[in-house]
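Undergrad: Questions regarding the structure given below will be posed in turn.
Residue numbers (the UniProt record's numbering): 1 to 96.
What follows is the structure, given as structure tokens:
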């Protein structure tokens, strides 16, 4: 017990074990239709999106392959041709 690592949980203000903190940190990310998203999923855009800094618009129906989840329940990280570091809001995509 003395060798166990503890981390401070800012939400509750308590020290908890590292194993318990890892279990709590699982974030559910849901698309526009309420489907649960996971790393590696393919998604389709449900709205035209202007990409800031790229001077490009992603059209409705564009398929984004192999998404990665961030720690935020509303954001997904992905790649698209010519755009590196693209972060999309989960409310604008639906699972394929």
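From the three backbone atoms N, C-alpha and C, an ideal C-beta is built for every residue, glycine too.
Sorted by chain position, which residues of the same chain lie with C-beta nearer than 8 Å to residue 35's C-beta, five sequence neighbours on each side aside?
TA: The residues are 94, 95.
Undergrad: Would residue 92 and residue 37 qualify as a contact pair, given that the criterion is a beta-carbon distance under 8 Å?
TA: It is not a contact, given that the beta carbons lie outside the stated cut-off.
Undergrad: If you drop the 5 nearest sequence neighbours on each side, which residues of the same chain put their C-beta closer than 6 Å to that of residue 50?
TA: Only 57 meet the Cβ criterion.
Undergrad: Note down the Cα distance separating residue 64 from residue 87, rounded to an integer number of angstroms.
TA: Taking the straight line joining both Cα atoms gives about 11 Å.
Undergrad: Less than 8 Å between the CB atoms is what I'm expecting for residue 41 and residue 67, so what's the real figure, rounded?
TA: Indeed, because the Cβ distance is near 5 Å, the residues count as touching under 8 Å.
Undergrad: Note down the Cα distance separating residue 75 from residue 47, rounded to an integer number of angstroms.
TA: Approximately 15 Å between the Cα atoms of the pair.
Undergrad: Assuming residue 7 and residue 21 form a contact by the criterion Cβ under 8 Å, report the distance between their Cβ atoms to the nearest whole angstrom.
TA: Between residue 21 and residue 7 the Cβ distance is about 5 Å, and since that is below 8 Å, they are a contact.
Undergrad: Based on DSSP bridge pairs, tell me the residues matched to residue 77.
TA: 68, 87.
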